[in-house]
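A.B. asks: Numbering (UniProt numbering), first residue to last: 1 to 529.
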Amino acid sequence: MKQIKSTPSDTVFFATYARLAATIRRSGWIAQVISGLTEIGGIYAAAYAALLPIFPYLATTAAGVIAVLGTALIEVGLRELAPYSVDAVLNKRYHGLHLAMTIATMTLTVFLIATSGWLSFNNSFIIVEEFTPAAETRESTPFDSTLLRRKDRLYAEWKADSTALTKQFASQIAAQKQAYEGQYKALRRTLSNWYNREIRTGNSYATAKDRVRQELADLEADHLAQVAALRTQEANAIQTAKERLLMALSHSQTAYEASVDSLKQLNNEATVHRTETVRNYGSGLAWFTIVALLVFLASVILDRIHRKGSGIRETVELSQYDIAPNMIAEGWHAVRERLHFTVRNRIKAFADQTPPAPLPTRPTELYDPTQLANITINLKVEQAADPDERVIYLTPKRRPIGFQTSSPDPTGGVPKQPPNVNGVHFRTAPDVENQREAVDSPASNTNEKAPAPDDSCAVNRTPSDHADLSLADLLQRLKMYKKRVGKHEAKKRAAEKAGKPVPKRTLNALSNNKDWVSYYQQLIDNIKH
1 MKQIKSTPSD
11 TVFFATYARL
21 AATIRRSGWI
31 AQVISGLTEI
41 GGIYAAAYAA
51 LLPIFPYLAT
61 TAAGVIAVLG
71 TALIEVGLRE
81 LAPYSVDAVL
91 NKRYHGLHLA
101 MTIATMTLTV
111 FLIATSGWLS
121 FNNSFIIVEE
131 FTPAAETRES
141 TPFDSTLLRR
151 KDRLYAEWKA
161 DSTALTKQFA
171 SQIAAQKQAY
181 EGQYKALRRT
191 LSNWYNREIR
201 TGNSYATAKD
211 RVRQELADLE
221 ADHLAQVAAL
231 RTQEANAIQT
241 AKERLLMALS
251 HSQTAYEASV
261 DSLKQLNNEA
271 TVHRTETVRN
281 YGSGLAWFTI
291 VALLVFLASV
301 ILDRIHRKGS
311 GIRETVELSQ
321 YDIAPNMIAE
331 GWHAVRERLH
341 FTVRNRIKAF
351 ADQTPPAPLP
361 TRPTELYDPT
371 QLANITINLK
381 VEQAADPDER
391 VIYLTPKRRP
401 IGFQTSSPDP
411 TGGVPKQPPN
421 VNGVHFRTAP
431 DVENQREAVD
441 SPASNTNEKA
451 PAPDDSCAVN
461 RTPSDHADLS
471 LADLLQRLKM
481 YKKRVGKHEA
491 KKRAAEKAGK
501 PVPKRTLNAL
511 SNNKDWVSYY
521 QQLIDNIKH
């Protein structure tokens, strides 16, 4: 289908706005490209977010295809529908079926314009967000590592100090214990001496012994007091070291938090700056796409007004392919026809090879034993001979087994009486055909003797009947009999090669088919000349 434009009838109007119309048309195409680029980004983002949980490996490709198809649907629809909507207003198509088409085209045009504007406006921010560099933020990793190293150092110092304090006070307590044990042993020896003196002298030294016992008690109390004092000093020293550790950790944490807060503030400032940049540029791009959409609409309107004012008429030239059936439908029809031809041809060939039904069996005689005791006379009504025998002669579906050699006609060289039954040529064996006539004839039901079979054969068509066949049918039949001649000649050669006599049936069939080949060849030559 080709769209043909006529020459302008108002050449003055056409020439006045020709350059403007050409420029505005190019602007309209550029505006559609801008609008399409902003639309495709948003459609892709929405489709990718929807498909990612379902098809994670195909989400990118599928989202791209959906974005391209969706954008093409909107922009191509606007390119085709907008001119029709403008022409409907310029040509006042408000009557009859024109009104229905005008309402439909205007409704779709408004819907596509709104969709395009909404997608372009919202997707502008997404596009700017994707292409704007990320905010230059700094990580707190250096401060984290510094804090961890300082904590490790402080804990190592604390461990070393506590270990040194523990060893120091443990040695002091051990020395105090050794001193106590020496004094204790000395006092115990003194007490033992007083007991020994009592034994030797027989005197009582109870006061001396009590004094030594008191010294032992005082010595033990003093030892415990000194050990307790050392334990207290040890605990105080460890607590002091622990407090120093906690204070150092607190100072380190405070310094870390101050550094991180300062870093967060810098990062927030960078993020806010990027957000403002995205908002400003996204807003500008969004309004730019709206302007591009307005330019597109203006280009369509001005172009149609220029054509209307110039008197340019548009006609459509159809070709045969525009009104022809769909290619898929024609292809399906061709496949269907070929399938039907193949299947039905095979069914027909299978049916042609099916032999006819066998002749009925000879009825058997029945004897009634109840009539043996009596003599019965059966009466039979004598009927006059009916000249019109009520006999139906059935034509066999295909040639019975057996061949009869045909003799060529001396005048024309054509086999005598070539039969044609159901479109298939064959000869019926005389004995089989005569047997059928004998069974169906009235003589088979009486005591009359059936006539002897002769050499005639059942014929439905005469040689002159084949003259009405077309050349294509004659060629097809000639080809069929040539194939049969080749098949029987192959059988004959096989028998001769094996050293066996050629069956008479094969020779008769070969001769019969050669006669048919000569017959159809003569008919074809007559038609050609």
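Ideal placement from N, C-alpha and C gives every residue a C-beta, glycine not left out.
Residues in its own chain within less than 6 Å of Gln183 by CB, not counting five upstream and five downstream?
C.D. replies: Taking the sequence shown and counting its residues from 1, the one referred to as residue 183 is at position 183. Leu219, listed in sequence order.
A.B. asks: According to DSSP, is Arg227 helix, strand or coil?
C.D. replies: If you number the sequence shown from 1, residue 227 lands on position 227. Strictly speaking, residue 227 in this sequence is Val, with Arg absent from that position. Correct three-state label for Val227: helix.
A.B. asks: In three-state terms, what does DSSP make of Leu315?
C.D. replies: Residue 315 sits at position 315 when you count from the first residue of the sequence shown. Sequence inspection shows Thr at residue 315; the Leu mentioned does not correspond to that position. In this structure, Thr315 counts as strand in the three-state DSSP scheme.
A.B. asks: Gly64: which of Gly77, Arg79, Tyr48 sits nearest, CA to CA?
C.D. replies: On the sequence shown, position 64 is the one that residue 64 refers to. Nearest of Gly77, Arg79, Tyr48 to Gly64, Cα basis: Tyr48.
A.B. asks: Does DSSP put Ile4 in a helix, in a strand, or in coil?
C.D. replies: The residue you call residue 4 lines up with position 4 of the sequence shown. In this structure, Ile4 counts as strand in the three-state DSSP scheme.
A.B. asks: Residues in the same chain with beta-carbon distance under 7 Å from Glu39, minus the five sequence neighbours each way, listed in chain order, please.
C.D. replies: As a working note, residue 39 is residue 39 in the sequence shown. Excluding positions up to five away in sequence, the list reads Thr71, Ile74, Ser116, Leu119, Ser120, Asn123.
A.B. asks: Relative to the C-alpha of Leu285, which residue among Arg211, Val128, Val212, Leu97 is closest?
C.D. replies: Numbered from 1 along the sequence shown, position 285 holds the residue referred to as residue 285. Closest option to Leu285, Cα to Cα, is Val128.
A.B. asks: Take Met1 and list the residues in its own chain whose beta-carbon comes closer than 8 Å to its own, dropping the five residues that flank it on each side.
C.D. replies: Taking the first residue of the sequence shown as position 1, residue 1 is located at position 1. Result list for Met1: Val316, Glu317, Leu318, Ser319, Asp322, in chain order.
A.B. asks: Could you give the residue range of the alpha helix (DSSP H) that holds Pro360?
C.D. replies: Residue numbering aside, residue 360 sits at position 360 when the sequence shown is read from its first letter. Neither: Pro360 is in no alpha helix (DSSP H) and is coded neither H nor E.
A.B. asks: DSSP on Leu246, reduced to helix/strand/coil?
C.D. replies: The residue labelled residue 246 in the question sits at position 246 within the sequence shown. Leu246: helix per DSSP, three-state reduction.
A.B. asks: Quick check: the Cα distance between Ser9 and Thr109, rounded to an integer number of angstroms?
C.D. replies: Walking along the sequence shown from the start, residue 9 turns up at place 9. Walking along the sequence shown from the start, residue 109 turns up at place 109. Roughly 30 Å separates the two Cα atoms.
A.B. asks: Assuming Leu112 is part of the alpha helix (DSSP H), what are its boundary residues?
C.D. replies: As a working mapping, residue 112 is identified with position 112 in the sequence shown. First-last of the alpha helix (DSSP H) with Leu112: 97-131.
A.B. asks: Taking just the CA atoms, how far does Ile524 sit from Ser470?
C.D. replies: Here residue 470 refers to the residue found at position 470 of the sequence shown. Here residue 524 refers to the residue found at position 524 of the sequence shown. Cα to Cα, Ser470 sits roughly 9 Å from Ile524.
A.B. asks: Among the residues of its own chain, which have a CB less than 7 Å from the CB of Ile312, if the five just before and after it don't count?
C.D. replies: Counting from one through the sequence shown, the residue named residue 312 turns up at place 312. For Ile312, where only same-chain residues beyond five positions count, the Cβ hits under 7 Å are Lys5, Ser6, Pro8.
A.B. asks: With a cut-off of 8 Å on the beta carbons, I'd call Val278 and Thr132 a contact; round off their distance for me.
C.D. replies: In the sequence shown, the residue the question calls residue 278 occupies position 278. In the sequence shown, the residue the question calls residue 132 occupies position 132. Contact flag correct, Cβ pair sits at about 5 Å.
A.B. asks: Ordered along the chain, which non-local residues of its own chain (more than five positions away) have a Cβ less than 6 Å from that of Ala495?
C.D. replies: For the purposes of this step, residue 495 is taken as the residue at position 495 of the sequence shown. For Ala495, where only same-chain residues beyond five positions count, the Cβ hits under 6 Å are Val502.
A.B. asks: Quick one: is Thr254 buried, meaning 16 or more other Cβ sit within 10 Å of its Cβ, or exposed?
C.D. replies: Taking the first residue of the sequence shown as position 1, residue 254 is located at position 254. Label assigned to Thr254: exposed.
A.B. asks: Please confirm whether any heavy atom of the ligand ZN lies closer than 8 Å to the CB of Ala63.
C.D. replies: Absence of the ligand ZN from the depicted structure is noted, as is the absence of any ligand whatsoever, leaving it without description.
A.B. asks: Go through its chain and collect everything with a Cβ distance to Thr506's Cβ below 8 Å, but skip five positions before and after it.
C.D. replies: Working through the sequence shown from its first residue, we reach residue 506 at position 506. Closer than 8 Å at the Cβ level, and outside the excluded window around Thr506, lie His488, Lys491, Lys492, Ala495.
A.B. asks: Using three-state DSSP, classify Tyr17 as helix, strand or coil.
C.D. replies: Your numbering for residue 17 matches position 17 in the sequence shown. DSSP places Tyr17 in coil when its eight states are reduced to three.
A.B. asks: Counting only runs that start and end within the stretch 248-294, where is the alpha helix (DSSP H) found for 4 or more residues in a row?
C.D. replies: Listed in chain order, there is nothing to give.
A.B. asks: So the candidates are Gly486, Met480, Asn526, Tyr481; which of them puts its Cα closest to the Cα of Asp468?
C.D. replies: Here residue 468 refers to the residue found at position 468 when the sequence shown is read from its first residue. Nearest option by C-alpha distance: Asn526.
A.B. asks: Please go through the same chain and pick out, in chain order, the residues whose beta-carbon is closer than 7 Å to the beta-carbon of Val517, but skip the five residues on each side of it.
C.D. replies: Against the sequence shown, residue 517 aligns to sequence position 517. Once the five neighbours on either side are set aside, the close Cβ partners of Val517 are Leu478, Tyr481, Lys482, Val485.
A.B. asks: Using beta-carbon positions only, say whether Leu191 and Arg213 come within less than 9 Å of one another.
C.D. replies: By one-based count along the sequence shown, residue 191 stands at place 191. By one-based count along the sequence shown, residue 213 stands at place 213. In this structure, Arg213 lies closer than 9 Å to Leu191 by Cβ.
A.B. asks: Is it buried or exposed for Asn91, if we count other Cβ within 10 angstroms and need 16 for buried?
C.D. replies: For the purposes of this step, residue 91 is identified with residue 91 of the sequence shown, where counting begins at 1. With fewer than 16 Cβ atoms within 10 Å of its Cβ, Asn91 is classed as exposed.
A.B. asks: From Lys185 to Gln168, what does the alpha carbon distance come to, in whole angstroms?
C.D. replies: Locating residue 185 in the sequence shown gives position 185, where the first residue counts as 1. Locating residue 168 in the sequence shown gives position 168, where the first residue counts as 1. Near 26 Å, if we compare the C-alpha coordinates of Gln168 and Lys185.
A.B. asks: Please report how far the alpha carbon of Asp144 lies from the alpha carbon of Leu263, in whole angstroms.
C.D. replies: Position 144 of the sequence shown, counted from the start, is the residue given in the question as residue 144. Position 263 of the sequence shown, counted from the start, is the residue given in the question as residue 263. So the two alpha carbons sit approximately 12 Å from each other.
A.B. asks: With distance defined between alpha-carbon atoms, name the residue in Val343, Ala298, Lys159, Gln521 nearest to Gln476.
C.D. replies: On the sequence shown, residue 476 is found 476 positions in, with the first residue counted as 1. Selected option, being the one with the closest Cα: Gln521.
A.B. asks: Quick one: measure Cβ to Cβ for Gly77 and Leu112, integer angstroms, because I've assumed they're closer than 8 Å.
C.D. replies: The residue you call residue 77 lines up with position 77 of the sequence shown. The residue you call residue 112 lines up with position 112 of the sequence shown. So it is a contact: roughly 5 Å between Cβ atoms.
A.B. asks: Between which residues of its own chain and residue 530 is the CB-CB distance below 6 Å, once the five residues before and five after are set aside?
C.D. replies: In this structure the chain extends from 1 to 529, so residue 530 is not present and cannot be described.
A.B. asks: Rounded to the nearest angstrom, what separates Asn512 and Phe341 at their Cα positions?
C.D. replies: Here residue 512 corresponds to residue number 512 of the sequence shown, with the count starting at 1. Here residue 341 corresponds to residue number 341 of the sequence shown, with the count starting at 1. Spanning the two alpha carbons is a distance of roughly 31 Å.
A.B. asks: So, is Val300 buried or exposed, given that buried needs 16 or more other C-beta atoms within 10 angstroms?
C.D. replies: In the sequence shown, the residue the question calls residue 300 occupies position 300. It counts as buried.
A.B. asks: Do the stretch 338-358 and the stretch 15-22 meet, that is, are 3 or more Cβ pairs less than 8 Å apart?
C.D. replies: Taking 8 Å as the limit for Cβ pairs, the verdict is that the stretch 15-22 does not touch the stretch 338-358.
A.B. asks: Evaluate Arg304 with the Cβ neighbour count: other Cβ atoms within 10 Å of its Cβ, from every protein chain shown; 16 or more gives buried, anything less gives exposed.
C.D. replies: Residue mapping note: residue 304 aligns to position 304 of the sequence shown, counting from 1. That one is buried.
A.B. asks: Less than 8 Å between the CB atoms is what I'm expecting for Ala292 and Ser35, so what's the real figure, rounded?
C.D. replies: Taking the sequence shown and counting its residues from 1, the one referred to as residue 292 is at position 292. Taking the sequence shown and counting its residues from 1, the one referred to as residue 35 is at position 35. Yes, Ala292 and Ser35 are in contact; Cβ-Cβ is about 5 Å, under 8 Å.
A.B. asks: Give me the Cα-Cα distance between Ile126 and Ala45, rounded to the nearest whole angstrom.
C.D. replies: For the purposes of this step, residue 126 is identified with residue 126 of the sequence shown, where counting begins at 1. For the purposes of this step, residue 45 is identified with residue 45 of the sequence shown, where counting begins at 1. Going by the C-alpha atoms only, they are around 9 Å apart.
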